[in-house]
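So the sequence shown is numbered by the UniProt record's numbering: it starts at 1 and just counts up by one.
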Amino acid sequence: MLTGLKSLVRKATSIFASPKAQTYPIIIPRSDHSLSRQQLSPNAVKVLYRLNKAGFDAYLVGGCIRDHLIGVNAKDFDVVTNATPEEIHDLFSNSRLIGRRFRLVHVTFGREIIEVSTFRANSAKDDSASKPQESLKGKDSARSAHGIMLRDNVYGSIEEDAERRDFTFNALYYNVQDFSIHDYCGGLEDIENKKIRIIGDPRERYQEDPVRMLRAIRFAGKLGFDIEEETAAPIKEMAHLLDHIPPARLFEEVLKLLGSGNGIKTFHLLRQYGLFKYLFPDTEALLVSGWKRDDINPEAFILQGLENTDKRLQAGKTTAPYFLYAVMLWPSVVLRHEEFQAQGMPITPALHQAASMVLDNQVASTAIPRRFSTPMREIWDMQFRLPKRYGKRAFVLLEHPRFRAAFDFLLIRELSGTEMGGLGAWWEAFQFASEHEQRELIKSIDARSNDKEGPKKRRPRRRRKSNAPQRETPEK
Ligand code: ATP
Ligand code: MG
């Protein structure tokens, strides 16, 4: 994985071994690192050149440099500069000013967005120590009662910008003028040692922004690096600070944590560090309680769902975020469903009630936009419809926009040990069969003597016509 880093590592290792090791920045010239301009987004390079040409300093920073050095393809390119957001905006007609917490500029090239921000200082620090450049006098920072940073728009120098970043490997800057990499906090050595190390005092940094704890776990899951001891130490004890983070921000983080192809590993790490319960409190409580039923083992089911997502992503396929959320909350839905039925509620209203209750509880932790919660409900609902295939029902279900997701969900249930009488295989065959074969498949269910949905059971439908109460058949 680290092959792209060889020459750089050799150089960095010798630098760190030297007595001058503490002198930052360490500047690695082009000849000593493996990051080539060809690996970078041509649009990001264009932005750097335009800023330089206008007399500003400009660097690529963060994930894109880190990932390329490790040998992972970067997904987005962030530029940082000493130009103010307004100056950046004036330079690019294809740009717009965005953000409140962090004011920055998006420069758009078709579907690609290059994020350009101004060097910022850590607003927690004593201002007298920082000497913002003349042109960057903007002062705008605010904190909540819990010490959490609400806004952070204090501009600063590149050194200050490096210091306010989260982890050492995220404070590497690429200078397109001479193709060198500038390392301000020892990130190269930490990449070499596969360490995730927070910059500065871990407690202070988590207090300022508790999401950094989630980011540490995310990088551990994604890169397979270890969280350095002091960086890891306060996490369990400070995890509760996540309660003060807006649910919408946590929602975004969860998608990145569990939906980036390393879901299983990340799920275990989140639980190990006591963070999971602040993201999915009901699910955590249920897992801790050890609740199980013959037809559901919550932990096995969740792990199966994550494995499915990981495999799809690793194979370059897409996954729907609502699917992952439907997986994470399904055990709680099943439990609540059982409780509502025990109170005498019929199966379908009990399911809808259970889904509403679980979603209502969840949005207090991680907001779920309606465009996600609606398909989640549909997937859950269809788990009770997929067993009912007789007559025209199978054809109708096949046309449902959520069929594919509901079918995949059903397979995960089966794979995690839920006995469904070959339902997944039946649907697999049905989807790809000719119309004639499909009719045969439907007949094959009707012929099964133990199928409560078979033709003999059609009789009560006549009674329904005479307004008798509708009966639902529980899932086997
Ligand atoms: P990826 O994009 O692969 O998820 P990334 O490190 O690029 O990882 P971004 O969220 O794109 O993550 O952030 C870009 C950079 O901004 C980071 O590399 C880091 O330097 C800085 N950063 C992001 N979030 C924080 C934070 N909460 N605290 C301090 N610095 C941060
Ligand atoms: Mg990024």
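Note that the Cβ used here is the ideal one computed from N, Cα and C, for glycine as well. Keep in mind that this is a model prediction, so the values were computed, not measured.
- Apart from the 5 residues on each side of it in sequence, Ser-180 sits with its Cβ closer than 7 Å to the Cβ of Ile-27, Ile-28, Pro-29, Arg-30 in its chain, given in chain order.
- The beta carbon of Leu-242 is closer than 8 Å to those of Pro-210, Val-211, Met-213, Leu-214, Leu-250, Leu-275, Tyr-278, Leu-279 in its chain, skipping five residues each way along the sequence.
- With contacts defined as CB atoms closer than 9 Å, Asn-308 and Ile-379 fail to qualify as a contacting pair.
- If you draw a straight line from the Cα of Glu-192 to the Cα of Pro-247, it is about 35 Å long.
- Per DSSP, Tyr-390 lies in no alpha helix (DSSP H) segment and is marked neither H nor E.
- Excluding sequence positions up to five before and after Val-45, its CB lies within less than 8 Å of the CB of Arg-37, Val-176, all in the same chain and listed in chain order.
- Annotation for Asn-175: the continuous beta strand (DSSP E) segment containing it runs 172-175.
- Distances between the C-beta of Gly-391 and the heavy atoms of ligand 1 are all 8 Å or more.
- Per DSSP, reduced to three states, the secondary structure at Leu-386 is coil, with no helix or strand assignment.
- A distance below 8 Å between beta-carbons, with the five flanking residues on each side excluded, links Glu-284 to the following residues of its chain, in chain order: Arg-271, Phe-276, Lys-277.
- Nearest Cα to Gly-147 within the set Tyr-174, Leu-91, Gln-207, Gly-156: Gln-207.
- Tyr-206: member of the alpha helix (DSSP H) spanning 202-208, first to last residue.
- Glu-163 sits close to Ile-199, with the two beta carbons spaced by under 9 Å.
- Taking all protein chains in view, the Cβ of Thr-319 is crowded by 16 or more other Cβ atoms within 10 Å, so the residue is classified as buried.
- Taking 8 Å as the cut-off, the C-beta of Phe-340 does not count as close to any heavy atom of ligand 1.
- In the pairwise beta carbon analysis, the region 257-268 is classified as not touching the region 281-298: fewer than three pairs are separated by under 8 Å.
- Ranking Val-47, Asn-170, Asp-178 by CA distance to the CA of Tyr-184 puts Asn-170 first.
- Around the CB of Ser-444, fewer than 16 other CB atoms lie within 10 Å, so the residue is classed as exposed.
- The C-beta distance from Tyr-174 to Leu-35 rounds to 7 Å, short enough to fall under 8 Å.
- If you check the CB distance, Leu-324 and Leu-306 come in under 9 Å.
- Short of 7 Å from the beta carbon of Leu-104, and not among the five residues preceding or following it, lie these beta carbons of its own chain, in chain order: Pro-85, Ile-98, Glu-115, Val-116, Ser-117.
- In the structure shown, Ser-332 adopts helical secondary structure according to DSSP, grouped into three states.
- Residue state for Ala-58 is assigned as strand, using DSSP reduced to three classes.
- Tyr-59 counts as buried, since no fewer than 16 other beta carbons sit within 10 angstroms of its beta carbon.
- Rounded to whole angstroms, the Cβ separation of Val-80 and Asp-166 is 14 Å, and the two are not in contact under 8 Å.
- Secondary-structure assignment with DSSP links Lys-195 through a beta bridge to Asp-226.
- Residue Ile-245 holds the alpha-carbon nearest to the alpha-carbon of Ser-144 among Ile-245, Lys-292, Leu-287.
- Just measuring C-alpha positions, the residue of Ile-65, Asp-178, Ile-196, Ala-54 sitting nearest Glu-87 is Ala-54.
- For Gly-391, the closest C-alpha among the options Pro-25, Leu-172, Glu-440, Phe-102 is that of Glu-440.
- In the structure shown, Val-107 falls within a strand segment according to DSSP collapsed to helix, strand and coil.
- DSSP places Ile-302 in no beta strand (DSSP E) but in the uninterrupted alpha helix (DSSP H) bounded by 298-314.
- In this structure, Asp-76 has its CB closer than 8 Å to one or more heavy atoms of ligand 2.
- Per DSSP, reduced to three states, the secondary structure at Arg-165 is coil, with no helix or strand assignment.
- C-alpha of Val-254 to C-alpha of Arg-385: approximately 29 Å in a straight line.
- Nearest C-alpha to His-33 among Ile-70, Pro-369, Ala-220, His-337: Ile-70.
- In this structure, Phe-119 lies near Ser-157, with their beta-carbon atoms less than 9 Å apart.
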